[in-house]
Amino acid sequence: FAILIGVPIGLMTAVFLAETAPKRLAGIVRPAVELLAGIPSVVYGLLGILVLNPAVYKMEIALFKDDPTHQFTGGSNLISAVLVLAIMILPTVINISESSLRAVPAHYKQASLALGATHIQTIFKVLIPAAKSGIVTAVVLGVGRAIGEAMAISLVAGNGVNFPLLFNSVRFLTTAVVSEMSYAADTHKKVLFTIGLVLFIFIILINLILNKVMKGGNKDAVRS
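Residue numbers for the sequence shown follow the numbering used here, beginning at 9 and rising by one.
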């Protein structure tokens, strides 16, 4: 869910900074994005507790105030975790995608505009496909950070073992490793190491799938 939220927002922000943003505005937004990239995970978690959790809790009360079976989480639930993760991957997606868009040769854009395409058509039909390799890299790195994050998630997700519904307090695989490794022994510790192996394999599979999709797209482009 965090990828579905963060990647489109990050890509559109990168397009805005690379192609349409006034220089003065870009000069403000770009350092702000770079600042976000340097903020420690625990700070994101603390900001989530102070700002995001209360807002989500108000929404939870409004939606479930007449439901006697609902267990209120105080805002520490899956929605808060997803939103924090989406914010955390934004700097990675924005910076790498913008660099990839700026690396596209200028004559691509000039040729498209000369053929009568609008600026928007040029961006989505020419520039983004040409920068696809860098954008895929941004997505992979964003996925890697989202999957590997533990500290911020442990602060805002509630750390409860429940079915992963939006308003349920949940425990992620990474937070399970962090919270249980200190007292795990024997079989329990082996299970936690297995969780780490599963996460490692999952990231490798995502890399392979995205690379396969990218190569397939490049072959289709060459044929056409």
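Yeah, the Cβ is synthetic: ideal placement off N, Cα and C, and Gly gets one too.
Note that the structure is a prediction, hence the values are computed from the model and not measured.
DSSP-derived helix/strand/coil call for residue i
| i | result |
| --- | --- |
| V134 | helix |
| S232 | The predicted model places S232 with a pLDDT of 45, which falls under 50 and marks its position as unreliable, so this point remains unresolved. |
| V178 | strand |
| G166 | strand |
| G82 | coil |
| V112 | coil |
| T183 | helix |
| T100 | helix |
| A160 | helix |
| A125 | coil |
| L173 | coil |
First and last residue of the uninterrupted alpha helix (DSSP H) at residue i
| i | result |
| --- | --- |
| K140 | 140–156 |
| A10 | 10–23 |
Sequence-distant residues of its chain with Cβ nearer than 6 Å to residue i (five each side left out)
| i | result |
| --- | --- |
| S98 | In the sequence on display, residue 98 carries Leu and not Ser. So the list reads G14, G18, once near-sequence residues are dropped. |
| R231 | Only weak support is given to the placement of R231: the predicted model assigns it a pLDDT of 47, under 50, and the question is left unresolved by the model. |
| H78 | F72 |
| A160 | S49, Y52, G53, V92 |
| A34 | L25 |
| A158 | T182, T183, V186 |
Residues near residue i by beta carbon distance below 8 Å, same chain, minus five either side
| i | result |
| --- | --- |
| L207 | I155, G156, L181, T182 |
| G204 | V185 |
| L200 | A184, V185, E188, M189, A192 |
Neighbourhood of residue i by C-beta distance below 7 Å, restricted to the same chain and skipping five residues each side
| i | result |
| --- | --- |
| V23 | L109, I131 |
| F210 | I155 |
| S84 | N61, V164, A165, G166, S177 |
| L91 | L60 |
| G152 | I211 |
| S88 | G56, L60, N61, V64, V164, A165 |
What residue ranges within the segment 190–226 form continuous beta strand (DSSP E) runs of no fewer than 3 residues, ordered along the chain?
Taking only runs of at least 3 residues, no beta strand (DSSP E) segment lies wholly in the segment 190–226.
For the segment 98–110 against the segment 160–172, are there 3 or more C-beta pairs whose distance is under 8 Å?
no
Across the segment 117–128 and the segment 139–155, are there enough close Cβ pairs to call them in contact, namely three or more that are closer than 8 Å?
no
The segment 46–57 contacting the segment 128–143, beta-carbon criterion three pairs below 8 Å:
no
In chain order, what are the residue ranges of uninterrupted beta strand (DSSP E) at least 3 long that sit wholly in the segment 26–80?
Entirely contained in the segment 26–80, not one beta strand (DSSP E) run reaches 3 residues.
Could you check whether the segment 30–49 touches the segment 62–79, counting it as contact only if at least three pairs of C-beta atoms, one from each stretch, sit closer than 8 Å?
no
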